[in-house]
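Enquirer: Protein chains in written order, with our numbering: chain A, 1 to 358; chain B, 1001 to 1358; chain C, 2001 to 2390; chain D, 3001 to 3390.
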Amino acid sequence: MSTAVRQPPEAGATAARKPATMGQALNRALRDAMRADPDVHVMGEDVGTLGGVFRVTDGLAKEFGEDRCSDTPLAEAGILGVAVGMAMYGLRPVVEMQFDAFAFPAFEQLVSHVSRMRNRTRGGLPMPLTVRVPYGGGIGGVEHHSDSSEAYYMATPGIHVVTPATVPDAYGLLRAAIASDDPVIFLEPKRLYWSKADWNPEAPEPVPGIGKAVVRRPGTSATLLTYGPSVPVCLEAAEAAREEGAEGWDLEVIDLRSLVPFDEETVVASVRRTGRAVVVHESPGFAGPGGEIAARISERCFHYLEAPVLRVAGFDIPYPPPMLERHHLPGVDRVLDAVARLQWESGWTERHPDGGGI
Amino acid sequence: MSTAVRQPPEAGATAARKPATMGQALNRALRDAMRADPDVHVMGEDVGTLGGVFRVTDGLAKEFGEDRCSDTPLAEAGILGVAVGMAMYGLRPVVEMQFDAFAFPAFEQLVSHVSRMRNRTRGGLPMPLTVRVPYGGGIGGVEHHSDSSEAYYMATPGIHVVTPATVPDAYGLLRAAIASDDPVIFLEPKRLYWSKADWNPEAPEPVPGIGKAVVRRPGTSATLLTYGPSVPVCLEAAEAAREEGAEGWDLEVIDLRSLVPFDEETVVASVRRTGRAVVVHESPGFAGPGGEIAARISERCFHYLEAPVLRVAGFDIPYPPPMLERHHLPGVDRVLDAVARLQWESGWTERHPDGGGI
Amino acid sequence: MTVLEQHSAYAPTPPPSWRPRTDPAPLLPEAEPYSVLGGEGGVRESGVEPEAELLLRLYEAVVHGRRYNEQATALTKQGRLAVYPSSTGQEACQVAAGLALGERDWLFPSYRDTLAAVARGVDPVEVLSLLRGDWHHGYDSRATRVAPLCTPLATQLPHAVGLAHAARLRGDEVAALALVGDGGTSEGDFHEALNFAAVWQAPVVFLVQNNGFAISVPLAKQTAAPSLAHKGVGYGVPGRLVDGNDAVAVHEVLTEALDRARSGGGPTLVEAVTYRLEAHTNADDATRYRAADEVEAWRAHDPVALLERGLRERGLLDDEAVSATREAAERRAEDLRARMNQDPELDPEELFPHVYAQGTQQLQEQAVQLRDELAAAEFGDGSGAGEDRR
Amino acid sequence: MTVLEQHSAYAPTPPPSWRPRTDPAPLLPEAEPYSVLGGEGGVRESGVEPEAELLLRLYEAVVHGRRYNEQATALTKQGRLAVYPSSTGQEACQVAAGLALGERDWLFPSYRDTLAAVARGVDPVEVLSLLRGDWHHGYDSRATRVAPLCTPLATQLPHAVGLAHAARLRGDEVAALALVGDGGTSEGDFHEALNFAAVWQAPVVFLVQNNGFAISVPLAKQTAAPSLAHKGVGYGVPGRLVDGNDAVAVHEVLTEALDRARSGGGPTLVEAVTYRLEAHTNADDATRYRAADEVEAWRAHDPVALLERGLRERGLLDDEAVSATREAAERRAEDLRARMNQDPELDPEELFPHVYAQGTQQLQEQAVQLRDELAAAEFGDGSGAGEDRR
Ligand SMILES: Cc1ncc(C[n+]2csc(CCOP(=O)(O)OP(=O)(O)O)c2C)c(N)n1
Ligand SMILES: Cc1ncc(C[n+]2csc(CCOP(=O)(O)OP(=O)(O)O)c2C)c(N)n1
Ligand SMILES: [Mg+2]
Ligand SMILES: [Mg+2]
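#1: Do residue 3159/D and residue 2191/C have their beta-carbon atoms positioned less than 9 Å apart in this structure?
#2: By the three-class DSSP mapping on this structure, what secondary structure does residue 2209/C have?
#3: Relative to the C-alpha of residue 334/A, which residue among 298/A, 308/A and 279/A is closest?
#4: In angstroms with no decimal places, state the Cα-to-Cα distance between residue 2004/C and residue 2322/C.
#5: How would you label residue 3327/D, buried or exposed, when you count the other beta carbons within 10 angstroms and need 16 or more for buried?
#6: Of the choices 215/A, 91/A, 54/A and 321/A, whose alpha-carbon is the least far from that of residue 97/A?
#7: Can you give the Cα-Cα distance for residue 263/A and residue 163/A, rounded to whole angstroms?
#8: Within a Cβ cutoff of 6 Å, which residues of the same chain sit near residue 2043/C, ignoring the five residues on either side of it in sequence?
#9: Suppose the cutoff is 6 Å on Cβ atoms and the five residues either side in sequence are ignored; what does the same chain contact list for residue 2232/C look like?
#10: Going by DSSP in three states, residue 328/A sits in which element: helix, strand or coil?
#11: For the region 2120-2131 of chain C, which residues have a CB atom closer than 9 Å to at least one CB atom of chain A, in sequence order?
#12: Nearest-angstrom Cα distance between residue 1231/B and residue 1327/B?
#13: Hey, would you say residue 2349/C sits closer than 9 Å to residue 2367/C, going by beta carbons?
#14: Using only alpha-carbon positions, find the residue among 3215/D, 3223/D, 3128/D and 3248/D that is nearest to residue 3062/D.
#15: Mark residue 1156/B as exposed unless 16 or more other C-beta atoms lie within 10 angstroms of its C-beta, in which case mark it buried.
#16: Cβ closer than 9 Å: which chain D residues qualify as neighbours of residue 2087/C?
#17: CB residue 309/A to CB residue 294/A, shorter than 9 Å?
#18: Determine which residues share a DSSP beta bridge with residue 186/A and list them.
#19: The region 1115-1132 of chain B: which residues have C-beta closer than 8 Å to a C-beta of chain A, in chain order?
#20: Based on DSSP bridge pairs, tell me the residues matched to residue 41/A.
#21: Could you tell me whether the Cβ of residue 1339/B comes closer than 9 Å to any Cβ of chain A?
#22: Is there a C-beta anywhere in chain A that falls below 9 Å from the one on residue 1402/B?
#23: Counting only Cβ-Cβ distances shorter than 8 Å, please list the residues of the region 2187-2218 of chain C near chain D, keeping chain order.
#24: Tell me the DSSP bridge mates of residue 1254/B?
#25: Do residue 217/A and residue 197/A count as a contact pair if the criterion is CB distance below 9 Å?
#26: Alpha carbon to alpha carbon, how far is residue 1130/B from residue 180/A? Give it in angstroms, no decimals.
#27: By Cβ distance, which residues of its chain are closer than 7 Å to residue 301/A, with the 5 residues on each side in sequence left out?
#28: Around ligand 3, what residues have a beta-carbon under 7 Å from a heavy atom of it, in chain order?
#29: Cutting at 6 Å between CB atoms, please list the residues of its own chain near residue 3144/D, excluding the five before and the five after it.
#30: Going by the C-beta, is residue 361/A closer than 8 Å to any heavy atom of ligand 1?
#31: Does residue 213/A get closer than 9 Å to chain B when you measure Cβ to Cβ?
#32: According to DSSP, is residue 3079/D helix, strand or coil?
#33: I need the boundaries of the beta strand (DSSP E) containing residue 311/A, first residue and last residue.
#34: Which residues in chain A have a C-beta closer than 8 Å to the C-beta of residue 1310/B? List them in chain order.
#35: Could you have a look at residue 3291/D and say whether DSSP puts it in helix, strand or coil?
#36: Starting from the beta carbon of residue 1317/B, find every residue of chain A whose beta carbon is closer than 9 Å, and list them in chain order.
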């Protein structure tokens, strides 16, 4: 799985680091990838002259010309379908879907072709293409602008599903996605576009390539498993947890970075160590990413678990309007509530013992 | 949840039962629904003159006219989109998607409109429509004719997901789906279209409406949780299991019937009783329906489980070509293999203890 | 005969006995956009002279519409709207669409068409619910016969076809008017909707407001067609091309098409050539992708000014009437501002009851969870747990 | 100048200064299907006389094609193919498509177009892999420049556009020929592909084989257009209408369009009017939805007979040559039959290695599981566990 991107020797040198946003790191990753490989082509709605509605493609059309960074007609199935043909000819298209819900028109192309072309042709026509999808909520977007559609992509064999949570990961994972010979759904957490870190674009920190989770905060009491927009929430919760519980909890936070392939090794090792786990994501809980993760942990760590694996997720509802979204999004308190239910004392009680007679 | 369909008094009378296929029961359900309610309209590719490629709509155009059972242009997004408009005007469209993968073009209409219209309009514009999707494999279909797409639908709040496994359920659940004031994805297991049972169309057995699982075979050793095309496989496995293990296993088989809403009550009660569970489905395992089901059981039955909840599912690959599909589909042996791993003896061992160092 | 059998269409026979098919000629649009008010030249010779009452009604509506657009844009600056896609410059289309509809007809608007809904009679505060962000939709669609504002482009078009078809099946004389932008014509749903409408002869009219841009993408990057109205012939649907800044012309073309639809004549595709004078939304910076002189050229063809001049030339309007109309618009804008300045009533528990007709156990549990959290936050220890910390 | 800037398209200016746009007239198709061989009348007067060598090549190919279709259908009866969608009756289109392509050009076939691939030179056994069911695809697409047979309708059309566009960006003189059925034109992907092709002036030719039916749905329920070729003008793409049973005419139209595409002239939409003489596939019963006399009328315009007559009339063919050609076709059919009667080599473990470039741990575990199961079945206790019981 490791299409690790080679990094300059001074990688991560603190000296030249300056505050950069995730959006800027993504922009830089596209630029560097386009400079490094003439086969990389960026395309999508408003990605050219405008530089994208989130400005992630800013300046690319100017530097590389409209043939390399192309505004397309407004037709997502067409965009992805055309990208498939370009990939068949040997190019590496990088497609931008303007918002998560606007990737849905391209669903058939994705599932029936992008994910299967390599397999169908026994490797004859690989699909080295990247689909960038801004996803998730928390930005006050109206209907259809805040969906978390990762469950759909995870359930589709043949594609990778990657999502960064930090500025260096945004750069490193996007480079790895574009370099991958397989199709990658690259989910960009919208509300982290403006998140900042000190970062040196001339010497970006190396990222181990697609398929590796990372322990963002080591801990011993329980493991929080999360990704993308919920990573900062979990880190904040872990800090707050030091004050909670009988003697405070020391929570480990794992940023999955890649939902497919799933880094079972890192996850299982952590949960076997801590004995407790909570999965946190924005996507609706039912049949969401947390289902797979919790099921897998429950199976592989059965004898190590002190408590059931709990999930903190968006409710099982259509994404709410801007003024109500804060009630839907998993926040620090909801995470801590779940941690508190991890059977710290003996004697397990249900959350709603009378709910439906169960 | 119970839009239970009223049944004639002699329901289930054994007297007049004759062998009927699931396809015939579905056909009869459509006919009866159309007779009972002039607002029920059937539409789709080839559903009129031809009666559908699986003949489920056979005779409807003739009896009710082309306005009630309409051949449509070949455009799935258009079909579902037009059905949305018809439902807005108060009709009850029943849409046929010809094969599972050919529902993908309609994905945006489904997710962005069908599933959200009621919520968006605070109940002002409900979507009483049914989308019939023949799904699953085992019929020797070439590429794109054997997908199991239920994971996508389960992950979409606002729709119900229903799938029959028996002749009476096919009738009863389809009537309930059409009668429902909410949109229902009605998944018809292709390879059970020709499955038979003794059945009386004049007095069909009552079905408790959408949202209720059923124990198809009571048992004490472990619970097999399944639905649709895997129900007969699990029943066969349960029979075979009487001869396996130290003293034979007595397996309980639950047919979920409805994936959304999920009948947690029935499932949890069973697993708490048996202490062991295997989820069985054709859909790829990773992020498939079994993830949610296993995670939910692991959480709600934590202190009752003698062994991890295991999953027997399709592999995490694109659906194979006809000549290889039998290697992909969960069969009796694979189910029994999983049952055998449910820690019957003390001492838990992993399936692949050296796999990846976990 | 059923409604689906009424229309005889292309059924090719072997070339030797090739039969005449639909004549394409009447389906092709006019060579120049149809106009009544005319361009700089003023009153047009040709064309039936519209009734004074209609002209005055349209005038009032475009003046109100312009002021409404300004007010809504101002509300975004005050944080009262999450976002506003203005139809400034497109008021002629908006107003004509709203007013051309018969009482039982339905309107299918996009996010940019709040003014069309207002012109149709929807309460302006209710229409802005989506854009304010208190809910996804704020008015009673069945009562107003206005479908929800639609955000995923072109997806509302098949809905309009379906509704119109359903009405026809029921024998109701109802037409649907579906609005879409120039960019939206590139989506597959546009194609499928037009095709369904044509094959089923659904009583639906498609109005493409060609405002030159899809966000930053100019029309030349969207299509290579002679005009968008030329798309009609490919479906067997007549295409009409109209000056979209000429409210009278748009109104006339739509009225004609809606009448035809209602009386079983099938669908029409209308392209109204207009221009988006403001940015895509308040969040957009239009200077990144278009030059000021292009905007200026279109300002010279402003729909409000055009109609004012037309009415003055016809002696239907004087300075006094102009200021009276503007004042009335100002008062309505004040009223809108005042009502929008009140915080909407929000109930977090509304997240759950509308997902299904009856709640599932799962959603009930989640509703209980939220209620518990809200209660904990309210009666909590004052540390702000539950509400403020996120 | 970049390839994306070469094409000046519709950019409307305010109506008073409306500028001339693309002229729609040259984009409209001919009033009658273009034909060379003519109908019952025989040799046509007009039109350039095609070269004898080409005529003979086409004749050989349609005779072989007809026999190939018969053989493949027979193979379904013997259980050697899972399914076969026959192109009997459409051989002229199939063969012309295969032969009109330049060496570096690409073909994008649908499930029905195996014969086009064979005419292009793909091994007939390899082309049937999908329909035999041993794998999804059996030939080397890059070597043959034939994309995989495509099952989801119209989804191959944007692929063709993308490949053609990529070739143009690289400066390669390559055109793509994409095949689609009449039913497939209703899908959104058809629309989006044509629009992309037009806006980007991609070197791609779309050939619609209008065979009158989409499974059971006749064209009149699929479209109300004057003809499918009339769809071109709505994209700014020239539409051509051709007698699809006249191999010479189809070949000429395609050759012209491909040449134009390769030399930067942009895409073309070709509608070939033809007929599916057999059922949709061997699994279909065509008598449920169409009358025998309709089929008979088309049999009178059989593409093989038409070409044979044309050649005889031109003195290029006599009885002897006819039987020689038929015998050659018979031998090829025998060869196909013999090779198809061999069981394909199947390796269940091939389910895993092609899903990704490198296997994931998860897939490796599953591959191990399957290997264990297969081993258990092979060296098992003979009770059949693992393999037979399902
Ligand atoms: C399916 C879909 N894709 C993308 C978007 C994002 N988007 C919103 S408006 C817009 C431009 C629309 O242009 P046009 O159709 O011309 O309408 P206008 O905004 O000019 O009124 C885009 C790309 C969307 N809403 N829906
Ligand atoms: C997206 C999609 N929807 C439905 C189908 C099922 N289907 C297979 S062939 C066919 C009819 C196609 O008709 P047409 O395009 O005219 O091609 P023909 O079969 O006549 O060559 C249908 C509906 C499909 N393959 N793909
Ligand atoms: Mg526009
Ligand atoms: Mg056809």
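Built from N, CA and C at the ideal position, the CB exists for glycine as well.
Expert: In this structure, then:
#1: Within the third sequence, residue 2191/C is the residue found at index 191, counting from 1. Within the fourth sequence, residue 3159/D is the residue found at index 159, counting from 1. The beta carbons of residue 2191/C and residue 3159/D sit no closer together than 9 Å.
#2: Walking along the third sequence from the start, residue 2209/C turns up at place 209. Note: residue 2209/C maps to strand in three-state DSSP.
#3: Stepping through the first sequence from its first residue, residue 334/A is reached at position 334. Of 298/A, 308/A and 279/A, the residue nearest in Cα terms is 279/A.
#4: In the third sequence, counting from the first residue as 1, residue 2004/C sits at position 4. In the third sequence, counting from the first residue as 1, residue 2322/C sits at position 322. When the Cα atoms are used, residue 2004/C and residue 2322/C turn out to be separated by approximately 50 Å.
#5: As a working mapping, residue 3327/D is identified with position 327 in the fourth sequence. The C-beta of residue 3327/D has fewer than 16 other C-beta atoms within 10 Å across all chains shown, which makes the residue exposed.
#6: In the first sequence, counting from the first residue as 1, residue 97/A sits at position 97. For the set 215/A, 91/A, 54/A and 321/A, the Cα lying nearest the Cα of residue 97/A is the one of 54/A.
#7: Taking the first sequence and counting its residues from 1, one reaches residue 263/A at position 263. Taking the first sequence and counting its residues from 1, one reaches residue 163/A at position 163. Rounded to the nearest angstrom, the two C-alpha atoms are 13 Å apart.
#8: Indexing the third sequence from 1 puts residue 2043/C at position 43. Bear in mind that the predicted position of residue 2043/C carries a pLDDT of just 49, short of 50, making it unreliable; the figure below should be weighed with that in mind. 2313, listed in sequence order.
#9: Locating residue 2232/C in the third sequence gives position 232, where the first residue counts as 1. Hits under 6 Å: 2027, 2238, 2239 and 2269.
#10: Position 328 of the first sequence, counted from the start, is the residue given in the question as residue 328/A. In the structure shown, residue 328/A falls within a helical segment according to DSSP collapsed to helix, strand and coil.
#11: Of all residues in the region 2120-2131 of chain C, only 2129, 2130 and 2131 place a beta-carbon less than 9 Å from a beta-carbon of chain A.
#12: Reading the second sequence from its first residue, position 231 is the one you call residue 1231/B. Reading the second sequence from its first residue, position 327 is the one you call residue 1327/B. Distance from the CA atom of residue 1231/B to the CA atom of residue 1327/B, rounded to whole angstroms, is 18 Å.
#13: What you label residue 2349/C is simply residue 349 of the third sequence in a count that begins at 1. What you label residue 2367/C is simply residue 367 of the third sequence in a count that begins at 1. In contact: residue 2349/C and residue 2367/C (Cβ atoms closer than 9 Å).
#14: Taking the first residue of the fourth sequence as position 1, residue 3062/D is located at position 62. Closest option to residue 3062/D, Cα to Cα, is 3248/D.
#15: Here residue 1156/B refers to the residue found at position 156 of the second sequence. The residue is buried, with at least 16 neighbouring Cβ atoms inside 10 Å.
#16: Locating residue 2087/C in the third sequence gives position 87, counting from the first residue. Under the 9 Å cutoff, chain D gives no residues; its nearest Cβ is about 17 Å from residue 2087/C.
#17: Within the first sequence, numbered from 1, the residue matching residue 309/A stands at position 309. Within the first sequence, numbered from 1, the residue matching residue 294/A stands at position 294. Yes, Cβ-Cβ distance for residue 309/A and residue 294/A is below 9 Å.
#18: Taking the first residue of the first sequence as 1, we reach residue 186/A at position 186. DSSP lists 132/A and 162/A as partners of residue 186/A.
#19: Of all residues in the region 1115-1132 of chain B, 1115, 1116, 1119 and 1120 have a Cβ within less than 8 Å of some Cβ in chain A.
#20: Position 41 of the first sequence holds residue 41/A. Under DSSP, the beta-bridge partners assigned to residue 41/A are 93/A.
#21: On the second sequence, residue 1339/B is found 339 positions in, with the first residue counted as 1. In terms of beta-carbon proximity, residue 1339/B stays away from the interface with chain A, with every pair separated by 9 Å or more.
#22: Given that chain B is displayed from residue 1001 to residue 1358, the structure contains no residue 1402/B and the question cannot be resolved.
#23: Residues of the region 2187-2218 of chain C whose Cβ lies closer than 8 Å to any Cβ of chain D, in chain order: 2187, 2188, 2189, 2190, 2191, 2192, 2195, 2198, 2199, 2201, 2210, 2212 and 2218.
#24: The residue given as residue 1254/B occupies position 254 in the second sequence. Beta bridge pairing from DSSP links residue 1254/B with 1215/B and 1225/B.
#25: Here residue 197/A refers to the residue found at position 197 of the first sequence. Here residue 217/A refers to the residue found at position 217 of the first sequence. When the beta-carbon positions are compared, residue 197/A and residue 217/A stay at least 9 Å from each other.
#26: Residue 180/A sits at position 180 when you count from the first residue of the first sequence. Residue 1130/B sits at position 130 when you count from the first residue of the second sequence. Inter-residue distance for residue 180/A and residue 1130/B is about 40 Å (C-alpha atoms, whole angstroms).
#27: Translated into positions along the first sequence, residue 301/A becomes position 301. The beta carbon of residue 301/A sits closer than 7 Å to the beta carbons of 268, 271 and 272 from its chain, once the five residues preceding and following it are set aside; these are given in chain order.
#28: One residue after another in chain order, those with a Cβ under 7 Å from a heavy atom of ligand 3 are 2181/C, 2182/C, 2183/C, 2209/C, 2210/C, 2211/C, 2212/C, 2213/C, 2214/C and 2276/C.
#29: Taking the first residue of the fourth sequence as position 1, residue 3144/D is located at position 144. Answer for residue 3144/D: 3122, listed in chain order.
#30: This structure does not reach residue 361/A, given that chain A is present from 1 up to 358, and the question cannot be answered.
#31: As a position in the first sequence, residue 213/A is number 213, starting the count at 1. Chain B contact via Cβ: absent.
#32: Counting from 1 along the fourth sequence, the entry for residue 3079/D is found at position 79. Residue state, collapsed to three classes: coil.
#33: Along the first sequence, read from residue 1 onward, the residue named residue 311/A stands at position 311. Where residue 311/A is concerned, the enclosing beta strand (DSSP E) stretches over 310-314.
#34: Within the second sequence, residue 1310/B is the residue found at index 310, counting from 1. The contacting residues are 299.
#35: For this step, residue 3291/D is matched to residue 291 along the fourth sequence. Looking at residue 3291/D - three-state DSSP - the assignment turns out to be coil, as it is neither helix nor strand.
#36: The residue you call residue 1317/B lines up with position 317 of the second sequence. Correct list: 119, 157 and 158.
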